[in-house]
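Taking it in order: structure first as structure tokens, then the write-up.
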Amino acid sequence: MNLSLLETIRETNPAVFTIANSVTIAEVANAVNAIGASPIMSKAKEEAGDLVGIAGAIALNLGTWTPDQIDQMVTVGSLANQHQRPVVIDPVAVGLPSRRQQFDRLIATAQPTVIRANAGEMAALSGDLSNSKGIDATGAVADPKRIVQAVALHYHCVAVMTGAIDWISDGQQTVSLHVGTPLFATHVGSGDMLSSVLAAYLAVESNAMTAAVTGTAIFGATGQWAVNQAKLTLRQPGSFGIALMDSFSQVTAETLSSYLKDKVVDE
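Going by this note's numbering, the first residue of the sequence shown is number 3, and it counts up by one from there.
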């Protein structure tokens, strides 16, 4: 983990090109902007080449896919690989057969650097369909280490499985993160925001495992810090969204270090 990346993003302002879930597009753009990166949100396949060229990293979200959007993702993902840009794929509800079909089409042309998913989605990708719960962020799996390692090895990427405990693996090294707040699960778009935030970290750190662990840890700790600063209860998901966005631009490595002490565990 490298907490200095928090300031590196603010200093370098990397562009993150996101093909977004239409439900959360504004939340995602604001989160990327608040951490100090520059959001690019486009639906035009004709712009793909130009936008990939100026982006530091790409995030592809299948949350509200349409045939045209999948076509755009395939084009953008392929171009990103050609230009050696990191790619984050967020396979929302991939346990559904129709969504798995679109994910498989995308993955055939776009090699991901990171796959970011919740427990149910990651279980579906690992082949453990009995554990798949679609987009239920509170879902749990019996053997998270095995599942996240299996996805990382199968797709040759870093797998980030988020939940009450976050699990991250590149197939060889596996880390669990014990930081965050239950309010993430009540705030629609938390996972979508993290996927694009991780793209920003990948834009400034060539080691994908370091970028993924750092970005996920800082995201979780920022949420916890936001709750404490605003003195929120678990029945204030709307207030949490505002506090979280403010906190993205306020936190420092020094602020978060106490939240992360002994919370990053090599498994």
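Note that the Cβ used here is the ideal one computed from N, Cα and C, for glycine as well.
Item	Value
CB of proline 272 within 8 angstroms of CB of threonine 111, strictly	In the structure as shown, the chain begins at 3 and stops at 269. Residue 272 is therefore absent and cannot be evaluated.
In chain order, each alpha helix (DSSP H) run of at least 4 residues that lies wholly inside the segment 217-251	239-250
Proximity below 8 angstroms, CB of alanine 22 to CB of valine 30	yes
Selected residue, minimal CA-CA separation from leucine 258, among Leu236, Ala223, Ala152	Ala223
Alpha-carbon spacing of arginine 118 relative to arginine 148, whole angstroms	16 angstroms
Element boundaries [beta strand (DSSP E), containing proline 146]	It is not in any beta strand (DSSP E) - proline 146 instead sits in the alpha helix (DSSP H) that spans 146-157.
Coarse secondary structure for asparagine 15, derived from DSSP in three states	coil
Cα-Cα separation, arginine 107 to asparagine 32	29 angstroms
For serine 208: DSSP bridge partner residues	Answer is none; serine 208 lacks a bridge partner.
Buried or exposed by the 16-neighbour rule on C-beta atoms within 10 Å, applied to serine 24	exposed
Proximity winner among Thr66, Gly55, Val190, Trp67, relative to serine 80 (alpha-carbon distances)	Gly55
Backbone secondary structure at alanine 36 - three-state DSSP	helix
DSSP beta-bridge partners of serine 178	Trp169, Val267
Neighbourhood of phenylalanine 250 by C-beta, 7 angstroms cutoff - its chain only, sequence neighbours within 5 removed	Ala33, Ala36, Ile37, Thr224
Helix, strand or coil at arginine 2 [DSSP, three-state]	Because the chain here runs from 3 to 269, residue 2 falls outside it and cannot be looked at.
Local Cβ density within 10 Å of alanine 214, reported as buried at 16 or more and exposed below that	buried
N-terminal and C-terminal residue of the beta strand (DSSP E) that leucine 62 is part of	59-63
Cα-Cα separation, tryptophan 227 to glutamine 103	39 angstroms
Contact check, valine 177 vs methionine 163, beta carbons under 8 angstroms	no
Spatially closest choice to glutamine 175 from Asn209, Ser198, Gly193, Tyr203, by CA coordinates	Asn209
Cβ separation of valine 94 and isoleucine 60, assumed to be a contact under 8 angstroms, to the nearest whole Å	Actually they are not in contact, since the Cβ atoms of valine 94 and isoleucine 60 sit about 16 angstroms apart, beyond 8 angstroms.
Span of the beta strand (DSSP E) around valine 253	Careful: valine 253 lies outside any beta strand (DSSP E) and carries neither H nor E.
Simplified DSSP state of alanine 110, which is helix, strand or coil	coil
Local Cβ density within 10 Å of glutamine 86, reported as buried at 16 or more and exposed below that	exposed
Sequence-distant residues of its chain with Cβ nearer than 8 angstroms to serine 40 (five each side left out)	Asn15, Pro16, Ala17, Val18, Val34
Coil, strand or helix - methionine 75 by DSSP	helix
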